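Undergrad: Numbering (UniProt numbering), first residue to last: 1 to 313.
Would you mind keeping the following structure in view while I ask a few things?
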Amino acid sequence: MKYIYMERVFIHISFLMLFSATSSNLINLFHKFDKSSKFSNKGMTIASLRTTEFSVNRWFQTRHLPVSNLYESSMFLSWSFSLLYVILEFRNQNGLSGTIAAPGATLTHAFATSGLPENMQQFTQLVPASQSHRLMMHVTTMLLSYATLLRGSLLAISSSSIYYSDIRDYRVLDSRHNCYNTSSKLNTLIRINVRSFLYPLFPNLKKYQLINRLDRWAYQIISSGFSLLTIGILSGAVWANEAWGSYRSWDPKETWALVTWPIHATYLHTKITNRWVGERPAAVASIGFFLVWICFLGVNLLGIGLHNYGWII
1 MKYIYMERVF IHISFLMLFS ATSSNLINLF HKFDKSSKFS NKGMTIASLR TTEFSVNRWF
61 QTRHLPVSNL YESSMFLSWS FSLLYVILEF RNQNGLSGTI AAPGATLTHA FATSGLPENM
121 QQFTQLVPAS QSHRLMMHVT TMLLSYATLL RGSLLAISSS SIYYSDIRDY RVLDSRHNCY
181 NTSSKLNTLI RINVRSFLYP LFPNLKKYQL INRLDRWAYQ IISSGFSLLT IGILSGAVWA
241 NEAWGSYRSW DPKETWALVT WPIHATYLHT KITNRWVGER PAAVASIGFF LVWICFLGVN
301 LLGIGLHNYG WII
(Lines of atoms letter the chains of each structure in order from A and count residues from 1; the text may use other names and numbers.)
(Lines give C-alpha, C1' and ligand atoms only; values in the text may rest on other atoms or scores of the structure.)
Protein backbone atom coordinates (compact mmCIF):
# COMPACT_ATOMS: atom_id res chain seq x y z
CA MET A 1 0.00 0.00 0.00
CA LYS A 2 2.85 2.39 0.82
CA TYR A 3 4.43 1.80 -2.58
CA ILE A 4 1.13 2.41 -4.38
CA TYR A 5 0.60 5.68 -2.51
CA MET A 6 4.11 6.82 -3.37
CA GLU A 7 3.55 5.96 -7.02
CA ARG A 8 0.43 8.11 -7.18
CA VAL A 9 2.21 11.02 -5.53
CA PHE A 10 5.08 10.83 -8.02
CA ILE A 11 2.69 10.51 -10.96
CA HIS A 12 0.52 13.47 -9.97
CA ILE A 13 3.47 15.74 -9.27
CA SER A 14 5.17 14.85 -12.54
CA PHE A 15 2.00 15.43 -14.55
CA LEU A 16 1.40 18.80 -12.87
CA MET A 17 4.95 19.86 -13.69
CA LEU A 18 4.69 18.61 -17.27
CA PHE A 19 1.40 20.41 -17.84
CA SER A 20 2.74 23.64 -16.33
CA ALA A 21 5.93 23.49 -18.39
CA THR A 22 4.00 22.78 -21.59
CA SER A 23 1.61 25.68 -20.97
CA SER A 24 4.51 27.98 -20.15
CA ASN A 25 6.36 27.01 -23.34
CA LEU A 26 3.30 27.61 -25.50
CA ILE A 27 2.74 31.02 -23.92
CA ASN A 28 6.41 31.84 -24.41
CA LEU A 29 6.01 31.36 -28.16
CA PHE A 30 3.95 34.56 -28.33
CA HIS A 31 5.25 36.51 -25.33
CA LYS A 32 8.90 36.23 -24.35
CA PHE A 33 9.40 35.99 -20.61
CA ASP A 34 12.74 35.02 -19.10
CA LYS A 35 11.05 33.81 -15.92
CA SER A 36 8.71 31.65 -17.99
CA SER A 37 11.66 29.82 -19.60
CA LYS A 38 13.32 29.25 -16.25
CA PHE A 39 10.06 27.96 -14.80
CA SER A 40 9.64 25.54 -17.72
CA ASN A 41 13.16 24.18 -17.29
CA LYS A 42 12.68 23.67 -13.57
CA GLY A 43 9.26 22.09 -14.11
CA MET A 44 10.58 19.59 -16.65
CA THR A 45 13.53 18.78 -14.40
CA ILE A 46 11.20 18.08 -11.48
CA ALA A 47 8.92 15.99 -13.71
CA SER A 48 11.88 13.95 -14.94
CA LEU A 49 13.04 13.33 -11.37
CA ARG A 50 9.55 12.35 -10.16
CA THR A 51 9.10 9.95 -13.08
CA THR A 52 12.49 8.45 -12.29
CA GLU A 53 11.35 7.93 -8.68
CA PHE A 54 8.18 6.28 -9.97
CA SER A 55 10.23 3.82 -12.04
CA VAL A 56 12.60 3.07 -9.16
CA ASN A 57 9.66 2.56 -6.82
CA ARG A 58 8.05 0.08 -9.18
CA TRP A 59 11.39 -1.61 -9.78
CA PHE A 60 11.57 -2.38 -6.06
CA GLN A 61 8.14 -4.03 -6.28
CA THR A 62 8.61 -6.07 -9.45
CA ARG A 63 12.36 -6.78 -9.17
CA HIS A 64 12.84 -5.99 -12.86
CA LEU A 65 12.97 -2.97 -15.12
CA PRO A 66 9.38 -1.55 -15.22
CA VAL A 67 8.69 -1.86 -18.96
CA SER A 68 6.58 -5.01 -18.91
CA ASN A 69 3.32 -3.47 -20.15
CA LEU A 70 2.00 -0.53 -22.16
CA TYR A 71 1.53 1.63 -19.06
CA GLU A 72 5.10 1.26 -17.87
CA SER A 73 6.48 1.65 -21.40
CA SER A 74 4.48 4.84 -21.92
CA MET A 75 5.75 6.26 -18.64
CA PHE A 76 9.30 5.40 -19.69
CA LEU A 77 8.70 7.14 -23.03
CA SER A 78 7.38 10.22 -21.21
CA TRP A 79 10.47 10.18 -19.02
CA SER A 80 12.65 9.96 -22.14
CA PHE A 81 10.93 13.03 -23.62
CA SER A 82 11.43 15.03 -20.43
CA LEU A 83 15.06 13.94 -20.14
CA LEU A 84 15.76 14.97 -23.74
CA TYR A 85 14.07 18.30 -23.03
CA VAL A 86 16.31 18.95 -20.05
CA ILE A 87 19.52 17.95 -21.86
CA LEU A 88 18.84 19.89 -25.06
CA GLU A 89 17.32 22.92 -23.38
CA PHE A 90 20.27 23.46 -21.08
CA ARG A 91 22.63 22.87 -23.98
CA ASN A 92 20.95 25.01 -26.63
CA GLN A 93 18.91 27.50 -24.60
CA ASN A 94 16.23 27.72 -27.30
CA GLY A 95 12.56 28.05 -26.40
CA LEU A 96 11.21 26.54 -29.62
CA SER A 97 13.07 23.28 -29.04
CA GLY A 98 11.41 22.94 -25.65
CA THR A 99 8.01 23.85 -27.04
CA ILE A 100 8.27 20.92 -29.45
CA ALA A 101 9.32 18.36 -26.80
CA ALA A 102 7.17 19.31 -23.80
CA PRO A 103 3.77 18.39 -25.32
CA GLY A 104 5.09 14.93 -26.23
CA ALA A 105 6.04 14.22 -22.63
CA THR A 106 2.72 15.58 -21.32
CA LEU A 107 0.49 13.75 -23.79
CA THR A 108 2.31 10.44 -23.36
CA HIS A 109 2.05 10.78 -19.58
CA ALA A 110 -1.66 11.64 -19.83
CA PHE A 111 -2.28 8.68 -22.13
CA ALA A 112 -0.61 6.29 -19.69
CA THR A 113 -2.34 7.56 -16.55
CA SER A 114 -5.77 8.55 -17.91
CA GLY A 115 -6.19 6.76 -21.23
CA LEU A 116 -5.37 3.19 -20.22
CA PRO A 117 -7.71 0.96 -18.18
CA GLU A 118 -6.99 0.60 -14.48
CA ASN A 119 -6.10 -3.07 -14.77
CA MET A 120 -3.37 -2.28 -17.32
CA GLN A 121 -1.71 0.09 -14.87
CA GLN A 122 -1.01 -2.71 -12.40
CA PHE A 123 2.39 -4.31 -12.50
CA THR A 124 2.60 -7.88 -13.79
CA GLN A 125 5.17 -10.64 -13.66
CA LEU A 126 7.33 -11.17 -16.70
CA VAL A 127 6.61 -14.05 -19.04
CA PRO A 128 9.43 -16.66 -19.19
CA ALA A 129 10.79 -15.33 -22.50
CA SER A 130 11.20 -11.85 -20.97
CA GLN A 131 13.05 -13.04 -17.89
CA SER A 132 16.44 -12.22 -19.38
CA HIS A 133 19.21 -9.75 -18.70
CA ARG A 134 18.71 -8.52 -22.27
CA LEU A 135 15.37 -6.96 -21.32
CA MET A 136 17.03 -3.80 -20.03
CA MET A 137 19.26 -3.26 -23.04
CA HIS A 138 16.75 -4.05 -25.77
CA VAL A 139 13.63 -2.35 -24.40
CA THR A 140 15.32 0.76 -23.04
CA THR A 141 17.30 1.23 -26.26
CA MET A 142 14.17 0.92 -28.39
CA LEU A 143 12.15 3.32 -26.23
CA LEU A 144 14.96 5.86 -26.16
CA SER A 145 15.21 5.58 -29.94
CA TYR A 146 11.47 6.22 -30.26
CA ALA A 147 11.68 9.36 -28.13
CA THR A 148 14.77 10.62 -29.95
CA LEU A 149 13.42 9.95 -33.44
CA LEU A 150 10.08 11.56 -32.61
CA ARG A 151 11.82 14.65 -31.26
CA GLY A 152 14.12 14.92 -34.28
CA SER A 153 11.26 14.41 -36.74
CA LEU A 154 9.24 17.20 -35.14
CA LEU A 155 12.21 19.53 -35.38
CA ALA A 156 12.60 18.69 -39.08
CA ILE A 157 8.90 19.28 -39.70
CA SER A 158 9.02 22.57 -37.75
CA SER A 159 12.01 23.76 -39.74
CA SER A 160 10.22 23.08 -43.01
CA SER A 161 7.01 24.72 -41.77
CA ILE A 162 8.79 27.92 -40.77
CA TYR A 163 10.62 27.97 -44.07
CA TYR A 164 7.50 27.65 -46.20
CA SER A 165 5.52 30.10 -44.10
CA ASP A 166 7.90 32.76 -45.41
CA ILE A 167 8.35 31.45 -48.96
CA ARG A 168 7.12 34.73 -50.45
CA ASP A 169 10.17 36.52 -49.10
CA TYR A 170 12.35 34.21 -51.13
CA ARG A 171 10.27 34.88 -54.25
CA VAL A 172 10.57 38.64 -53.75
CA LEU A 173 14.34 38.21 -53.37
CA ASP A 174 14.40 36.08 -56.50
CA SER A 175 12.51 38.67 -58.57
CA ARG A 176 14.80 41.49 -57.38
CA HIS A 177 17.83 39.63 -58.69
CA ASN A 178 16.23 38.52 -61.96
CA CYS A 179 16.40 34.82 -61.12
CA TYR A 180 13.72 33.03 -63.08
CA ASN A 181 14.24 29.56 -61.61
CA THR A 182 12.85 30.06 -58.08
CA SER A 183 13.12 26.46 -56.92
CA SER A 184 16.74 26.23 -58.05
CA LYS A 185 17.56 29.45 -56.21
CA LEU A 186 15.89 28.23 -53.02
CA ASN A 187 17.71 24.92 -53.13
CA THR A 188 21.02 26.70 -53.55
CA LEU A 189 20.37 28.98 -50.59
CA ILE A 190 19.40 26.13 -48.31
CA ARG A 191 22.29 23.91 -49.45
CA ILE A 192 24.93 26.49 -48.52
CA ASN A 193 23.17 27.10 -45.20
CA VAL A 194 22.80 30.83 -45.74
CA ARG A 195 26.45 31.83 -45.45
CA SER A 196 27.38 35.18 -43.98
CA PHE A 197 27.98 36.89 -47.33
CA LEU A 198 24.29 36.36 -48.19
CA TYR A 199 22.88 37.70 -44.93
CA PRO A 200 22.28 41.27 -46.20
CA LEU A 201 19.93 39.85 -48.86
CA PHE A 202 17.41 38.57 -46.33
CA PRO A 203 14.69 40.78 -44.85
CA ASN A 204 14.37 38.56 -41.78
CA LEU A 205 17.77 37.23 -40.77
CA LYS A 206 16.76 35.73 -37.42
CA LYS A 207 14.12 33.52 -39.00
CA TYR A 208 16.58 31.92 -41.41
CA GLN A 209 19.15 31.47 -38.69
CA LEU A 210 16.45 29.63 -36.71
CA ILE A 211 15.60 27.46 -39.72
CA ASN A 212 19.23 26.40 -40.14
CA ARG A 213 19.59 25.76 -36.41
CA LEU A 214 16.48 23.58 -36.27
CA ASP A 215 17.56 21.71 -39.38
CA ARG A 216 20.98 21.01 -37.86
CA TRP A 217 19.46 19.85 -34.56
CA ALA A 218 17.00 17.61 -36.40
CA TYR A 219 19.83 15.91 -38.26
CA GLN A 220 21.91 15.42 -35.10
CA ILE A 221 19.01 14.08 -33.04
CA ILE A 222 17.71 11.75 -35.75
CA SER A 223 21.27 10.45 -36.20
CA SER A 224 21.39 9.58 -32.48
CA GLY A 225 17.93 7.98 -32.61
CA PHE A 226 18.85 5.99 -35.69
CA SER A 227 21.92 4.60 -33.93
CA LEU A 228 19.81 3.61 -30.91
CA LEU A 229 17.21 2.01 -33.19
CA THR A 230 19.91 -0.02 -34.94
CA ILE A 231 21.32 -1.24 -31.63
CA GLY A 232 17.81 -2.04 -30.39
CA ILE A 233 16.93 -4.09 -33.47
CA LEU A 234 20.19 -6.05 -33.36
CA SER A 235 19.96 -6.73 -29.62
CA GLY A 236 16.33 -7.80 -30.09
CA ALA A 237 17.34 -10.25 -32.81
CA VAL A 238 19.95 -11.82 -30.53
CA TRP A 239 17.43 -12.05 -27.70
CA ALA A 240 14.80 -13.55 -30.02
CA ASN A 241 17.23 -16.25 -31.09
CA GLU A 242 17.84 -17.16 -27.45
CA ALA A 243 14.15 -17.12 -26.49
CA TRP A 244 12.40 -18.41 -29.62
CA GLY A 245 15.16 -20.09 -31.63
CA SER A 246 15.28 -17.67 -34.57
CA TYR A 247 16.66 -14.21 -35.12
CA ARG A 248 13.51 -13.03 -36.83
CA SER A 249 9.99 -14.42 -36.79
CA TRP A 250 8.36 -11.61 -38.81
CA ASP A 251 6.30 -10.61 -35.82
CA PRO A 252 4.23 -7.44 -36.63
CA LYS A 253 6.31 -5.22 -34.34
CA GLU A 254 9.56 -6.56 -35.76
CA THR A 255 8.27 -5.87 -39.26
CA TRP A 256 7.27 -2.28 -38.45
CA ALA A 257 10.65 -1.68 -36.79
CA LEU A 258 12.34 -2.84 -40.01
CA VAL A 259 10.11 -0.49 -42.04
CA THR A 260 10.99 2.40 -39.72
CA TRP A 261 14.73 1.82 -40.07
CA PRO A 262 15.14 2.45 -43.85
CA ILE A 263 12.90 5.54 -43.70
CA HIS A 264 15.21 7.27 -41.24
CA ALA A 265 18.22 5.90 -43.12
CA THR A 266 16.84 7.63 -46.22
CA TYR A 267 16.51 10.91 -44.34
CA LEU A 268 20.11 10.73 -43.11
CA HIS A 269 21.39 9.76 -46.56
CA THR A 270 19.70 12.74 -48.21
CA LYS A 271 21.08 15.12 -45.60
CA ILE A 272 24.62 13.76 -45.90
CA THR A 273 24.68 13.80 -49.70
CA ASN A 274 22.57 16.98 -50.09
CA ARG A 275 20.54 15.23 -52.78
CA TRP A 276 17.28 16.59 -51.39
CA VAL A 277 16.72 19.97 -49.78
CA GLY A 278 13.74 21.91 -48.56
CA GLU A 279 10.53 19.98 -48.04
CA ARG A 280 11.66 16.51 -49.15
CA PRO A 281 13.75 15.57 -46.09
CA ALA A 282 10.99 16.97 -43.87
CA ALA A 283 8.45 14.79 -45.70
CA VAL A 284 10.60 11.73 -45.06
CA ALA A 285 10.95 12.72 -41.40
CA SER A 286 7.17 13.10 -41.09
CA ILE A 287 6.68 9.59 -42.49
CA GLY A 288 9.18 8.33 -39.95
CA PHE A 289 7.30 10.17 -37.20
CA PHE A 290 4.06 8.29 -37.93
CA LEU A 291 5.85 4.97 -38.40
CA VAL A 292 7.41 5.24 -34.95
CA TRP A 293 4.00 5.75 -33.38
CA ILE A 294 2.62 2.79 -35.33
CA CYS A 295 5.55 0.69 -34.16
CA PHE A 296 5.07 1.71 -30.52
CA LEU A 297 1.28 1.98 -30.20
CA GLY A 298 -0.39 0.50 -33.27
CA VAL A 299 0.63 -3.11 -32.77
CA ASN A 300 0.26 -2.94 -28.99
CA LEU A 301 -3.23 -1.47 -28.98
CA LEU A 302 -4.47 -4.12 -31.41
CA GLY A 303 -3.04 -6.85 -29.18
CA ILE A 304 -1.42 -8.83 -32.00
CA GLY A 305 1.94 -10.56 -32.23
CA LEU A 306 4.49 -11.64 -29.67
CA HIS A 307 5.27 -8.06 -28.58
CA ASN A 308 1.75 -6.91 -27.84
CA TYR A 309 0.53 -5.63 -24.48
CA GLY A 310 -3.12 -5.91 -25.50
CA TRP A 311 -6.02 -3.52 -25.09
CA ILE A 312 -8.50 -3.02 -27.92
CA ILE A 313 -8.57 -6.66 -28.96
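In this text, a Cβ means the ideal position worked out from N, Cα and C, and glycines have one as well.
Just so we're clear, the structure is a prediction, and the values are computed from it rather than from any experiment.
May I ask you to report which of helix, strand or coil DSSP gives T124?
TA: T124 falls in the coil class under three-state DSSP.
Undergrad: What residue does the alpha helix (DSSP H) around E279 start on, and which one ends it?
TA: Taken as a continuous stretch (DSSP letters only), the alpha helix (DSSP H) holding E279 covers E279 to W293.
Undergrad: Do you know how far the Cα of S246 is from the Cα of T99?
TA: Distance between the alpha carbons of T99 and S246: 43 Å.
Undergrad: Can you tell me which of the three DSSP states Y247 falls into?
TA: Three-state DSSP puts Y247 in coil, outside helix and strand.
Undergrad: Where F10 and E53 are concerned, what is the direct C-alpha to C-alpha distance, given to the nearest angstrom?
TA: About 7 Å.
Undergrad: What distance in whole Å lies between the Cβ atoms of T108 and L77, which are believed to be in contact at a cut-off of 8 Å?
TA: About 5 Å; that satisfies the 8 Å criterion.
Undergrad: Helix, strand or coil for V299, going by three-state DSSP, please let me know.
TA: The answer is helix: DSSP assigns V299 an H, G or I state.
Undergrad: I need the straight-line Cα distance from E7 to H269, nearest angstrom please.
TA: Their backbone Cα atoms lie some 44 Å apart in a straight line.
Undergrad: To the nearest angstrom, report how far apart residue 320 and V292 are at their CA atoms.
TA: Given a span of 1 to 313 for the chain in the structure shown, any question on residue 320 remains unanswerable.
Undergrad: Consult DSSP for V9 and reduce its assignment to one of helix, strand or coil.
TA: Three-state result, V9: helix.
Undergrad: Leaving out five residues before and five after A237 in sequence, what residues of the same chain have Cβ atoms less than 8 Å from its Cβ?
TA: Cβ neighbours of A237 beyond the five flanking positions: Y247 and R248.
Undergrad: Mapping the DSSP letters down to three states, classify L143 as helix, strand or coil.
TA: Helix.
Undergrad: Are S159 and I211 close, meaning C-beta to C-beta below 7 Å?
TA: Yes, the Cβ-Cβ distance between S159 and I211 is below 7 Å.
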